[in-house]
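See below for the structure under consideration.
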Amino acid sequence: MRHIILLLFLALYGYSYGQDCTYTFTGKLIDFHDGTTLSSATIYIKEQDKYMTSDFDGNFKIENLCRGKLTLTISHIACETKTVSYIINSNTTETIALEHHIEELNEVSVTGNIITKETKTAQENLLKVETLKRYSALSLGDALKEVSGVSSINTGNAIVKPMINGLHSSRLLILNNNVRQQDQEWGIEHAPNIDINSADNISVIKGSGALAFGGDAVGGVIIINPKRVILKDTLFGKTIAGGQTNGRGFSLSSSLNKNYANGWFINGQATLKQNGDFESPDYILSNTGSKSKGITLRGGKKTFEKGFELYYSFFDTEIGILRASHIGNIEDLVTAINSDEPSVINNFTYDIDPPKQDVKHHLLKASYYQRFKNFGKLSLQYDYQNNHRFEFDIRVGDDRDKAALDLVLQTHTVMADIILDAKPNYRLKFGALGRYQNNFANPETGVRRLIPDYDKFDFGIYVLNEWPLSSKTVLDAGLRYDFNRIDAKKFYRTSRWEERGYDEDFEDFVIDDLGTQLLTNPVFDYHNFSASAGIKHDLNEKSYVLANYSLSSRPPNPSELFSDGLHHSAARIELGDLRLTKEVANRIAASYSYEGSKFNVLLEGFYNRINDFMFLEPFGVEQTIRGAFPVWNYVQRDAELYGLDLSASYTILDSVDITNKTAYTVGNEIKSGIDLIDIPAFNTRNTITYRNDKWHQFSFALSNEWVFEQNNFPNNNFETTLASSGETVLVDISTPPPAYNLFHLYSDITFDTSENTTLNVALSVNNIFDIEYRAYLNRLRYFADDLGRNIMLQLQFNY
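See below:
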């Protein structure tokens, strides 16, 4: 027995000796950027299940460690929590770097929104997730109208293009998860192919504020961000289901997000929407239904030091165009303008017939970044987009089901960016971009191709710098150069080629003479310089002022160069011009912001002078086999736009507040003083809101939207002779409709369905009093009234 006890004693002694818990780990905590020490950090030692803190110099010491693994979880104010592991087999000394930037911490609010602007002096407005959820069943363009100074130009109720301070289409740059959207945005009747449910927040920057992505943002930048990656083991999601009375439609969207503490993440989101024919207060708007579906997948790993992301999105939409807007000639247009009702009113249906659009958009992105100690951050990105657009006209015979327009646009982009921010109070960003784009116009449509085949090559480099002049004042500036080449193949009718004088100016473009047609190969190179500069000064803790200047340079897009066809909803032939040159915008802006405990105000002013501004101008009338149509040419004039945007709110009681959003924009040609077309009228929106957080976060808001009549517009009216009667009549396509005043309601309440789940129930009523009106910026205003009352019920289940 004594021998057994002795053996056990020797074994225990040997085990204890083998463990050798006499090692020491000495650590030092520093800022990853500049190497400064981090004091009073909390260090959790997993193997010993105890805590300690770093001293004034960022040092800490852990004693009596055993041989094996050591796991430390380190947290510090203004830092992201970091977990590190080491293998201990001797005394060890390590320097551990953490992120420590107060300004980066301020980028994250309690709702998880991210400040996305590239420069601190840009005029930026942020739409938060609480606002975006109201528009789950609607479009990106509808949601953006929540921002003062942002309106939309519509083709009916389903095709909604955002407009910032009177500018839209190619003059706006849309970034979807750091990818510049390429979906033939030049067309007024081409809505952005983006599912708003994939966005966690949207930033609207007025003027050029994203030189890293392009210098042609004459009007502004819209930045769409997905949900932020959280370095924590989490699994959460939401499902939104909604229905509406106008259009008798439904929408369903669901998302699921999985994050890990080590930085890995994966999430997915899907949406399905359908509406039948919409209705004005007095009649059905036949063939205005819509269907859309979308899916977004995103995954990767993100830590402070490095990370990568793979992203894919698919968006498919089918949109009916008001049947009464398909007109055969000018006489039909005259009849439509003089009629109180559309020429076609059918029974309600979910069917979508020609005229209609069918668009599919794929986006694939791969990105990688890494931070280097005492240097900064390197980012690399590749993205691919495929946009396939079908537009169906009303056709007969064998071509009944054949698209009149079939375009495939493919875009490849590579980007590299470097941020140097290792030194305190210093930040320099520079990078380069390369892009190749191919457009294929399918000749099998049997219709003259509106936009030709082309290859487009883009290359850009930029640099941005930021200088804190003091604790209250910051100055920033940027410079960018872009080279653009467009290489097209286009057939011209010989008569059109000679009529426009191209036979003299562009004789070398002709590569084949087919008698009645010419095959041409236009090649254009553009060199563009852009710049931005601004200053922001904090007057005190509640208010600031800022001023900025931006220089933007935009080459003509394919529509402006090559258009040669009929737009039925506008009842006009549109012609591009090969002689167009780039337009150059000089924009100055200033803002004042005050945020108090009860009163908030943001006042923004701007002046934008655009040299060689490109727009459509009436030219004459052309007789076709379909009848007579007005001809509109793309032309260039020097122009100016200026205006004021106001956003204000005041808390009357603890539970009641009022808000106001007002915008005023003026645009005209400089030399002649003629007003620009499609400039939004003065508009103001007032809302009174009641909230009671104690009663399941209940809220009730009543809004009044007042849009004045636009009195500043160009006179593009013309006279024509009606073939049926021989009568000469004035075709009034210019006079804007009267002002209108609408009331809207929104209310929601949230219930806790379990410890980790909630149910939000929202009710909204648009155009409460079912008012008849027509909007100046709706291209279908010649043919029908706008939407009547719409009651929407939405359920959002958070889990």
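Quick note on numbering: the sequence shown equals residues 4 to 802 in our numbering.
All C-beta atoms in this analysis are idealised placements derived from N, C-alpha and C, irrespective of residue type, glycine included.
Computed from a predicted structure; not experimentally measured.
- If you keep only unbroken beta strand (DSSP E) runs of at least 3 residues inside the segment 245 to 273, you get 252 to 262.
- A contact between stretches requires three or more CB pairs, one per stretch, nearer than 8 angstroms, and the segment 402 to 411 meets this requirement with the segment 447 to 464.
- Linking E625 to V634 through their CA atoms gives a straight-line distance of about 6 angstroms.
- Spatial neighbours of N715 in its own chain (CB-CB distance under 6 angstroms, excluding positions within 5 residues in sequence) are listed in chain order as D678.
- Residue environment analysis places F268 among the buried positions, since at least 16 neighbouring C-beta atoms fall within 10 angstroms of its C-beta.
- Taking a 10 Å sphere around the C-beta of L644, we find 16 or more other C-beta atoms and assign the residue as buried.
- With fewer than 16 other beta carbons inside 10 angstroms of its own, C24 counts as exposed.
- Bridge pairing for Y802: absent [DSSP].
- Inclusion of Y779 and A684 in the CB contact set at 9 angstroms is warranted, their separation being smaller than that value.
- Per the C-alpha coordinates, the member of A125, F786, A642 and N377 positioned closest to G537 is A125.
- Under the three-state reduction of DSSP, A327 is assigned to helix.
- The three-state reading of DSSP puts V150 in coil, since its state is none of H, G, I, E or B.
- In this structure, the beta-carbon distance from L436 to G379 does not fall below 9 angstroms.
- Between N603 and S652 the beta-carbon gap is near 5 angstroms, inside 8 angstroms, which marks them as a contact.
- The way I'd put it, the segment 497 to 511 doesn't touch the segment 460 to 479; fewer than three beta-carbon pairs between them come closer than 8 angstroms.
- Inter-residue distance for Y637 and N180 is about 33 angstroms (C-alpha atoms, whole angstroms).
- The beta carbon of T134 sits closer than 8 angstroms to those of A146 and E149, all from its chain and outside the five residues before and after it, given in chain order.
- The continuous stretches of alpha helix (DSSP H) do not include S553, which lies in the beta strand (DSSP E) extending over residues S546 to R557.
- In this structure, R590 and G210 form a Cβ contact; the two beta carbons are roughly 5 angstroms apart against a cut-off of 8 angstroms.
- R792 sits away from R784, with the two beta carbons spaced by 9 angstroms or more.
- By the 16-neighbour rule on beta-carbons within 10 angstroms, V153 is buried.
- Counting along the chain, the unbroken alpha helix (DSSP H) around T497 starts and ends at T497 to E502.
- Every beta strand (DSSP E) stretch that sits fully inside the segment 595 to 648 and reaches 3 residues is listed by chain position as 602 to 627.
- Fully contained in the segment 154 to 192 are the following beta strand (DSSP E) runs of length 3 or more, in chain order: 162 to 167 and 175 to 179.
- Residue nearest to Y495 within the set K72, P525, I355 and R612 is P525 (criterion: CA-CA distance).
- Distance check between L705 and each of I691, P717, W698 and L408 places I691 closest, using alpha-carbon atoms only.
- For C82, the closest alpha carbon among the candidates S139, S88 and L234 is that of L234.
- DSSP places I340 in the helix class (H, G or I) of the three-state scheme.
- For a cut-off of 8 angstroms, the C-beta gap from S206 to E188 is around 18 angstroms, too long to register as a contact.
- Cβ contact annotation for I794 (same chain, cutoff 6 angstroms, sequence separation greater than five): T248 and V768, in chain order.
- Check the Cα spacing between G159 and each of N92, F28 and A327: the tightest is with A327.
- Counting along the chain, S562 sits inside the alpha helix (DSSP H) bounded by residues P561 to F565.
- Residue pairing by DSSP leaves P455 without any beta bridge partner.
- Within the same chain, and ignoring the five residues on either side of T237 in sequence, the residues whose Cβ sits closer than 6 angstroms to its Cβ are N262.
- Residue K296 holds the alpha-carbon nearest to the alpha-carbon of S142 among T84, K296 and V182.
- Apart from the 5 residues on each side of it in sequence, Y385 sits with its Cβ closer than 6 angstroms to the Cβ of A369 and V417 in its chain, given in chain order.
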